[in-house]
Structures are given as C-alpha cells and as structure tokens.
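Notes for the one structure printed next.
Protein chains in written order, with the numbering used here: chain D, 42 to 167; chain Y, 99 to 280.
Spelled out as structure tokens, the structure:
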C-alpha cells in the first residue's frame, strides 16, 4: 500500500501514514474551511489499510490548533482505527498537548470517552 | 435606521488588534489569522489566552465564510458579495472579538434559538452537548458541523453577546461579541 505523505500548510496538518510500519501521524494545524475535502483521502486510506493492518498501529496526533469542522473528521479517522482495534489488532493513540493547553487535553479526553482504543495523553514542554 | 459605518466605528474603537470590513474569502481569513497571530506574539500575551483568541477567531471567521447571506444593496457599491465585518480588540480584562454580517430575516428565529440554547447551558452541559453533536454523524454541505458556537462558549466560559439590527425589509444585521477574559 502506498504511504500518505502530506506537508503541512498554515491551515492543514503534516500527515504521514505508513502501512509498512503501522505509523500514523497527524501534526500541526487543522483549520481548513472545508475539512471533509482534506480528510476524505485519509479515511479512505485507513479503510483500505484495515483489511491487512500492521500488528501494532501507532497513532501520533500532535495538533496545535484544530477547528470544529476538523474535529468531526478527526473523529471519523479515530472510528476507522477503532474498527481495526475491534477486529483484534493492536492500536494505540498518543495524543500530544502543550503543557498549559487544557483545551487540547480536554479535546483528547473527549475523543477518549467516545472511542474505545487505548489513549495516551502526552504533555510536551514548551 | 441602522448604519454599518457607525457600527464598525463602534467596534473599531479602543485598543484594536485587527479590524476589517468587506468581502470574506478563504485567502482573507488566512491573511488575518496570520496577522492576528503575529500581533499577539508581539504583545507578549499569555499563551493560554493567545490560543483561545486564535481559536475563537478561527470559528468566528469560518462561521462568517460559511453562513453569511449574500446581499446586494442598490446604490451602495461597497456592500456586495460575501460582505461582513470583524474586529479584535484588547480590553482591560482580555480580548473582545466582534463580528457582523447580514442575515435574511426568515433565518433569525432558528439562529436566535441556537444562540439562546448555548447561552443557557452550564459548563458541564456545554461539554456534554459538544460531545453529543460531535458524535451525531451530521455534517452540513458547507463542512460546518454545528459545533462552532458551542465550542466558543465552552472555551471562553462567557455568554454569546448578540444582537439583530433591522436593516431593510429582507435583511437584518447580526452582530456578535465574544469576550476572552484573562
């Protein structure tokens, strides 16, 4: 499976998805006006990946800002990962937030309460 | 009679970080977000407040972009297309974000209902509603998820201060102020 590698812009995140290593990374800012357009290929990739995932899928999400329209798309990404987890594969989500960014920690906890995958909340020092 | 220039002069007063009135495009939003970010960096604002102001402004500007009603006024060539106005002001207690745009009068009822619902909810209720709407699978064609106002109220802990000014038979001017307190 071809990996996804997208460079970040002021409104969209850096994305690296690799089926060979099971590493999924979303990093930076996600504030596009139309987030469905940006996230649809990522959700489609995961759909295909779910038919033969790596033994451990490690997901790293390190966002500085995301808008509410991205928040639904990120949930769609997590739901695809949840179905991979539910089929008996290992999945872990590492949710990074800056040390005093309570809103970002809370956002991670909201996802954690909806998605039944092990989450790790990781504080990064500024 | 409502006068946009007077309204804009009112919000464009005090310690202004940014102010704009005119057409709203995706590029304009990018430019002003970049501008506000560099200005807040220069002011040495607490990162927590800086992030809240930025997040609220993103939601406000994208709300304008997705939802404003396009208006054409005979005899006024300045007001056309996706017209709106916004400002960010530094206040004694933090920052105030103001936006203004035209809405069709027929839409006011439903909009006011949404705003009032958000304003009556406690912090915990807002959190619960946010999670419910996040997880309800609905998405408008415009890409908004109906979460913007809930998110703003949840982040800022302040009430949405809104008003509808009568403009003409068909349109009202919808003014919204949001305070981010230090």
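Ideal Cβ positions, reconstructed from N, Cα and C, are used throughout, including at glycine.
- Taking the beta carbon of residue 99 of chain D as reference, no residue of chain Y falls within 8 Å; the closest one sits roughly 24 Å away.
- One Cα belongs to residue 57 of chain D, the other to residue 176 of chain Y, and the distance between them is close to 45 Å.
- In the three-state reduction of the DSSP assignment, residue 141 of chain Y falls in the coil class.
- Taking residue 277 of chain Y as reference, the option from Y:225, Y:132, Y:159 and Y:150 with the minimal CA-CA separation is Y:150.
- Contact between residue 126 of chain D and residue 163 of chain D fails: their C-beta atoms lie close to 19 Å from each other, not under 8 Å.
- Taking 9 Å as the Cβ-Cβ cut-off, the stretch 63-85 of chain D approaches chain Y at 72, 73, 74, 75, 76, 77 and 78, given in chain order.
- Listed as beta-bridge partners of residue 102 of chain Y by DSSP are no residues whatsoever.
- Of the other Cβ atoms in all chains shown, 16 or more fall within 10 Å of the Cβ of residue 274 of chain Y; this residue is therefore buried.
- Comparing C-alpha distances from residue 153 of chain D to each of D:70, D:130 and D:122 shows the shortest one belongs to D:122.
- Residue 110 of chain Y: not part of any beta strand (DSSP E); DSSP gives it neither H nor E.
- The Cβ atoms of residue 118 of chain D and residue 146 of chain D lie no closer than 8 Å to each other.
- Classified as buried, residue 110 of chain D has 16 or more neighbouring CB atoms from the shown chains inside 10 Å of its CB.
- Within the same chain, and ignoring the five residues on either side of residue 192 of chain Y in sequence, the residues whose Cβ sits closer than 6 Å to its Cβ are 278, 279 and 280.
- For the stretch 118-152 of chain Y, the beta-carbon criterion of a distance under 8 Å to any beta-carbon of chain D is satisfied by 124, 127, 128, 131, 132, 145, 146, 149, 150 and 152.
- Exposure of residue 168 of chain Y is indicated by the presence of fewer than 16 other C-beta atoms within 10 angstroms of its C-beta.
- Three or more Cβ pairs closer than 8 Å define a contact, and the stretch 228-235 of chain Y meets that threshold against the stretch 245-260 of chain Y.
- Contact annotation for residue 155 of chain D against chain Y: 229 and 233 [CB-CB distance below 7 Å, chain order].
- Here residue 112 of chain D has 148 as same chain residues with Cβ atoms under 8 Å from its own Cβ, once five neighbours each way along the sequence are excluded.
- Secondary structure note for residue 107 of chain D: its beta strand (DSSP E) is the uninterrupted segment 97-107.
- Within 10 angstroms of the beta-carbon of residue 253 of chain Y lie 16 or more other beta-carbons, which makes it buried.
- Between residue 197 of chain Y and the set Y:139, Y:219 and Y:162, the nearest pair of CA atoms involves Y:162.
- In terms of Cβ geometry, residue 185 of chain Y and residue 110 of chain Y form a close pair [threshold 8 Å].
- Within the stretch 101-116 of chain D, those residues whose Cβ lies closer than 7 Å to any Cβ of chain Y are, in chain order, 106, 108, 109, 110, 112, 113 and 116.
- Closest in alpha carbon position to residue 181 of chain Y, among Y:194, Y:164 and Y:189, is Y:164.
- Look at the stretch 117-198 of chain Y and you find these whole runs of beta strand (DSSP E), each 3 residues long or longer: 181-189.
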